[in-house]
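A short worksheet on the structure shown next.
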Amino acid sequence: MAKRIEASGVSSYYGDFKAIDGVSMTVEPKTITALIGPSGCGKSTFLRSINRMHEVLPGARIEGKLTIDDQNIYDPDVDVTAVRRLIGMVFQRPNPFPTMSIYENVVAGLKLNGVKKKSLLDDAAEKSLKSANLWDEVKDRLNRPGAGLSGGQQQRLCIARTIAVEPQVVLMDEPCSALDPISTLAIEDLMFKLKDRFTIIIVTHNMQQAARVSDKTGFFSIDKTGDPGRLIEYDDTQKIFSNPTQKKTEDYITGRFG
Amino acid sequence: MGDNPSRSASTEAGGSGVTARHARPAGDGVSPIPPDDRPDNRPPLGGGGALPTKSRFSMETGFRGLSTAAGVMVLVIIAAIAVFLISKAAPALTANDANFLTTKEWFPNDTPPVFGIAALAFGTVLSSVIALLIAVPIAMGIALFLSHYAPKRLATPLGFIIDLLAAVPSVVFGLWGRDVFSEPVKDFSVWLNKYFSWIPLFGGEGPFGRSILLGSLVLAIMVLPIVTSLSREVFQQTPGMNEEAALALGATKWEMIRTAVLPYGKPGVIASVMLGLGRALGETIALALTLGTTFVISFNLIQSGGNSIAANIANTFGEANETGRGALIASGLVLFAITLVVNMAARAIIYRRREFRDSAA
């Protein structure tokens, strides 16, 4: 199921503005990788480059090479929708489709991929909601609007929607930043559970969260506003938080910023 | 104003008649400055004396009164219109020798007067519905192109041109339809009649030209800008994060539009279509100039003929006598009722999924 992601020399641009510069890292299958760093350092941009969501914005482009199990994601012959199906994404703010019910939200991706059979959709909805630890809370109201759930439930609904299409990799862009601590804990528990099936890359501002959940951690930083962000250090989470090799990393994780 | 004591008078509240614990004036308890150091012994701004009573006459009450009056005025105007229409129509309707609702002929100026709304109402609804069937798909296409496909440099001027189309007076559309557009429509009608006359819509012996088809096409052009610009507006308001959610699930652009944009914009699109229908139903001069003015009920679209309530009022009001004018006003009442039913149906559609829309915030 899960696949290896390899980036080498990835630079992303918004028009003429270079947002990240020459990022290289390898993400092993069935691990959780956390990307940390100050705001504006390009970690979200890098994350969006992995499933080609970066190029959705006008003027955005990337240089360098990104592969998933040795297949080039940015090969001109590759179908961009196939890449996004392979590499799912959970966003910062919960974004269930407002006009759809809980059930419709979960199976939206499957319907987009041409699955029409009711029994298949029902099974997938139940399985995904159970994987997202949401089934018990919503099983009696699957036809209620998805946007009527609490923030934490909505985010788990979005995770269920993402994993319903059976991706290989799940990208999470600050998935807990809009949630309270209890909902955050629920999502973190969920990430441990999903690790058995998916490769997970998570962007987070919460260093305790990175330390709690991830196997490896990448630290991004910028020298000053307007400069591109760089990957300063990438290593085992244990090592980054106990014995970082770079001064900048140490300053950041101990709170001595800059 | 005995029941509205001033602030200074109330500073002593709590100063007497209470237990020793509250012996000092209420305001002084919270003041960090000793009373003697304050000029004039006045209570501090933040917490002196008793709570000030609210004044009875303020901007608040004044504005409330103004807005209430404005709201009431709408009801009064509507009631006045209804009373006017009914009082003028009633004598003509009692004098009518035929059933007003089922009769097709329109001879209100004869003695005895014989007139009915059936053919006119039918023509009004038929021409409007066909106009919308033509205009709405095209308007959706333009709106989606402007909101999601066209580059910004093209979308802005194009949207402006569409809005400009709405500013063309309807009499111009009517004259253009009658003098210019009728020729190609006539040729098209002859062609339709030649090859598709087995479909009742395109049958008949002729003459062709000033037909429901011509009137509907002109109407379609007239409602196009309303439906387009309102739909574009709601499509543009689709939250970006919902569009991204669809794209991240592996949707193509069209699939993203179907998953995120169209469902989100649906109530707005329905509202825009109903506005367009309202304009089509009430359109007067363009139809008076392009329709063939016959009082028949027929689904034949290409044969010269057709009529509508508003066009009939414009065409015959000049030579109408007392009863004739009453009859025309009665027909206006029917148009009013049709528009009301259409609007209520639209509201019902929009409100049916309100729960989904409201929770979307």
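Protein chains in written order, with our numbering: chain A, 43 to 300; chain B, 189 to 549.
The C-beta atom is built at its ideal place from N, Cα and C for all residues, glycine as well.
Report task. Reducing DSSP to helix, strand and coil, say where Ala536/B ends up. Result -> helix
Report task. Could you list the residues in the segment 147–181 of chain A with a C-beta less than 7 Å from some C-beta on chain B, going in chain order? Result -> Ala150, Gly151, Leu154 and Asn155
Query raised in the report: Distance, Cα to Cα, Arg81/A vs Glu216/A?
Result: Note on identity: in this sequence residue 81/A is Ser, with Arg being the wrong assignment. Answer to the nearest angstrom: the Cα atoms are 12 Å apart.
Report task. Let me know if Ile47/A comes out buried or exposed under the rule of 16 or more other beta-carbons within 10 Å of its beta-carbon. Result -> buried
**Report entry** Trp294/B burial status per 10 Å Cβ neighbour count (16 or more: buried)
**Finding:** With a threshold of 16 other beta carbon atoms within 10 Å, Trp294/B meets it and is buried.
Report task. Evaluate Lys382/B with the Cβ neighbour count: other Cβ atoms within 10 Å of its Cβ, from every protein chain shown; 16 or more gives buried, anything less gives exposed. Result -> It is exposed - the Cβ of Lys382/B has fewer than 16 other Cβ atoms within 10 Å.
Query raised in the report: Got a sec: is the Cβ-Cβ distance from Ala536/B to anything in chain A below 9 Å?
Result: Ala536/B does not count as touching chain A.
Requested in this report: Alpha carbon to alpha carbon, how far is Asp121/A from Gly392/B? Give it in angstroms, no decimals.
Outcome: 54 Å
Query raised in the report: Rounded C-beta distance between Val212/A and Lys85/A? I'm assuming under 8 Å.
Result: About 16 Å separates the two Cβ atoms, so there is no contact after all.
Query raised in the report: How would you label Arg252/B, buried or exposed, when you count the other beta carbons within 10 angstroms and need 16 or more for buried?
Result: Per the 10 Å Cβ criterion, exposed.
Query - Ala368/A and Leu162/A closer than 9 Å at C-beta - result: No answer is possible for residue 368/A: it lies beyond the span of chain A, which begins at 43 and ends at 300.
Query raised in the report: With respect to the alpha helix (DSSP H) encompassing Arg198/A, which residues constitute its N-terminal and C-terminal limits?
Result: Gly193 to Ala206
Query raised in the report: If we count the other Cβ atoms within 10 Å of its Cβ and call it buried at 16 or more, is Met247/B buried or exposed?
Result: exposed
Query raised in the report: Got a sec, what are the start and stop residues for the beta strand (DSSP E) Asp257/A sits in?
Result: No beta strand (DSSP E) holds Asp257/A; DSSP gives it neither H nor E.
**Report entry** For Gln113/A, the residue or residues it bridges with in DSSP
**Finding:** Ile110/A
Query raised in the report: Closer than 8 Å: is that where the CB of His336/B sits relative to any heavy atom of the ligand SAM?
Result: Within the structure as shown, the ligand SAM is missing, as the structure has no ligands at all.
Query - CA-to-CA distance, Ala533/B to Gln134/A, given in whole angstroms - result: So the alpha carbons of these two residues sit roughly 39 Å apart.
Query raised in the report: For Ala257/B, does the count of other Cβ atoms within 10 angstroms reach 16, so buried, or fall short, so exposed?
Result: Exposed, because fewer than 16 other Cβ atoms sit within 10 Å of the Cβ of Ala257/B.
Query raised in the report: Comparing the C-beta of Cys200/A with each C-beta of chain B, is any distance below 9 Å?
Result: Taking Cβ atoms only, chain B reaches closer than 9 Å to Cys200/A, which makes this a yes.
Requested in this report: Quick one: which residues of the segment 106–118 of chain A get their C-beta closer than 8 Å to a C-beta of chain B? List them in chain order.
Outcome: Among the residues of the segment 106–118 of chain A, none has a Cβ less than 8 Å away from any Cβ of chain B.
Query raised in the report: Per DSSP, Asp298/B is paired with what?
Result: DSSP links Asp298/B through a beta bridge to no other residue.
Requested in this report: Name, going along the chain, the residues of the segment 244–259 of chain A whose beta-carbon falls closer than 8 Å to a beta-carbon of chain B.
Outcome: none
Query raised in the report: List, in order along the chain, the chain B residues whose C-beta lies closer than 9 Å to that of Thr241/A?
Result: Chain B residues near Thr241/A: none, gap ~16 Å exceeds 9 Å.
Report task. Find the nearest neighbour of Asp298/B within the set Glu421/B, Gly311/B, Leu489/B and Ala283/B, judged by alpha-carbon distance. Result -> Ala283/B
Query raised in the report: Going by DSSP, what residues sit across from Gly271/A in a beta bridge?
Result: For Gly271/A, which the question treats as bridged, DSSP gives the partners Ile62/A.
Report task. Please classify Ile265/B: does DSSP put it in a helix, a strand, or coil? Result -> Ile265/B: helix per DSSP, three-state reduction.
Query raised in the report: Who are the near neighbours of Ala508/B in its chain, counting only those whose CB is closer than 8 Å to its CB and skipping five residues on each side?
Result: Pro296, Asn297, Ala515 and Leu516
Query raised in the report: Would a check of beta-carbon distances place Met131/A closer than 9 Å to chain B?
Result: So yes, Met131/A belongs to the interface.
Report task. To the nearest angstrom, report how far apart Glu431/B and Ala286/B are at their CA atoms. Result -> 59 Å
Query - Gly394/B versus Val406/B: straight-line alpha-carbon distance, rounded - result: 20 Å
Query raised in the report: Any residues in the segment 430–449 of chain B with a beta carbon nearer than 7 Å to a beta carbon of chain A? Which ones, in chain order?
Result: Asn430, Glu432, Ala433, Leu435, Ala436, Leu437, Gly438, Ala439, Thr440, Glu443, Thr447 and Ala448
Query raised in the report: Considering only residues of the segment 312–352 of chain B, which uninterrupted beta strand (DSSP E) runs meet the minimum length of 3 residues and lie entirely inside it, listed in chain order?
Result: none
**Report entry** Other residues of its chain near Tyr116/A: CB distance less than 8 Å, five sequence neighbours each side excluded
**Finding:** Arg94, Ile104, Lys107 and Leu108
Query - Under 9 Å from the C-beta of Arg126/A: neighbouring residues of chain B - result: Leu435, Ala436, Leu437, Gly438 and Ala439
Report task. Check each candidate in Val522/B, Gly456/B and Leu435/B and name the one with the smallest Cα separation from Glu97/A. Result -> Leu435/B
Requested in this report: Could you list which residues in chain A have their beta carbon closer than 9 Å to that of Tyr539/B, in chain order?
Outcome: Going along chain A, no residue has its Cβ under 9 Å from Tyr539/B, so there is no contact; the nearest lies around 14 Å.
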